[in-house]
Amino acid sequence: MSIKPLVILPNPLLREVSRPVATVDDRIIELSNDMLKSMYHASGIGLAAIQIGVLLRLLVIDITGNDKPKNPRIFINPEVIWRSDEQNIYKEGCLSIPDYYAEIKRSRKVCVTYIERDGRKKEIEADGLLATCLQHEIDHLNGILFIDHISRLRRDIIIRKFKKKARNIEEGHMAI
Ligand code: NI
4 MSIKPLVILP NPLLREVSRP VATVDDRIIE LSNDMLKSMY HASGIGLAAI
54 QIGVLLRLLV IDITGNDKPK NPRIFINPEV IWRSDEQNIY KEGCLSIPDY
104 YAEIKRSRKV CVTYIERDGR KKEIEADGLL ATCLQHEIDH LNGILFIDHI
154 SRLRRDIIIR KFKKKARNIE EGHMAI
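If you're matching positions, the sequence shown starts at 4 in the numbering used here and goes up one per residue.
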């Protein structure tokens, strides 16, 4: 298991659509372990494979708090098959858009099908934070970011800020 560097905005990879996982083999298990380790290291509650540069429909989630025992979940080829009309709002962030948070409205409940690490097909009905997290991560698999759910104006400001930051790093002007 190793910690992988995270793909950060405005890296164009974040806009790519990920491919389905064909077979759950050792490579996929190792990848999901790397993703979990990278997610815990960055204190995140969810991570999609694209965020460590792998274009596969695979995500990991652990919504338990820091002081609780870990509950890692792995979702291979997840698909939302139902979503509630009722919505709720969470203040979301993203490991690929560090230090930016915004209130996002999403379905309160979703039903998601996916493949387990043992290769079996499963279905989960998720509510609240888990539902929000699943929707946020499944968006990543389709090249969608949580800032796509805020106003165009706010999104443009954020993207501009991250582009400037990336440029500064490239040119070695980063203040320390
Ligand atoms: Ni994210």
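Every residue, glycine too, gets a C-beta built ideally from N, C-alpha and C.
These figures come from a predicted structure and were not determined experimentally.
- For the segment 72-81 against the segment 115-125, are there 3 or more C-beta pairs whose distance is under 8 angstroms? yes
- Task: State yes or no: is the C-beta of L9 nearer than 7 angstroms to some heavy atom of ligand 1?
- Result: no
- Out of curiosity, what's the CA-to-CA distance linking K166 and D28? 37 angstroms
- Message: In whole angstroms, give me the CA-to-CA distance for I172 and T135.
- Response: 32 angstroms
- Query: For E106, is the classification buried or exposed, using 16 other Cβ atoms within 10 angstroms of its Cβ as the cut-off for buried?
  - Reply: exposed
- Within its chain, find whatever has a CB closer than 8 angstroms to the CB of I32; leave out the 5 residues flanking it on each side and keep chain order. R120
- Query: Of all the beta strand (DSSP E) runs that stay within the bounds of the segment 74-157, which reach a length of 3 or more residues?
  - Reply: 76-86, 90-97, 100-110, 112-118 and 124-130
- Task: Report buried or exposed for M38, applying the criterion of at least 16 other Cβ atoms within 10 angstroms of its Cβ.
- Result: buried
- Distance between beta carbons of M42 and V63, contact taken as under 8 angstroms: 6 angstroms
- Query: Can you give the Cα-Cα distance for S35 and R86, rounded to whole angstroms?
  - Reply: 26 angstroms
- What is the rounded straight-line gap between the Cα of E89 and the Cα of K112? 8 angstroms
- Query: Would you call I48 buried or exposed, if buried means 16 or more other Cβ atoms sit within 10 Å of its Cβ?
  - Reply: buried
- Could you pull the start and end residues of the alpha helix (DSSP H) that L34 belongs to? D29 to H44
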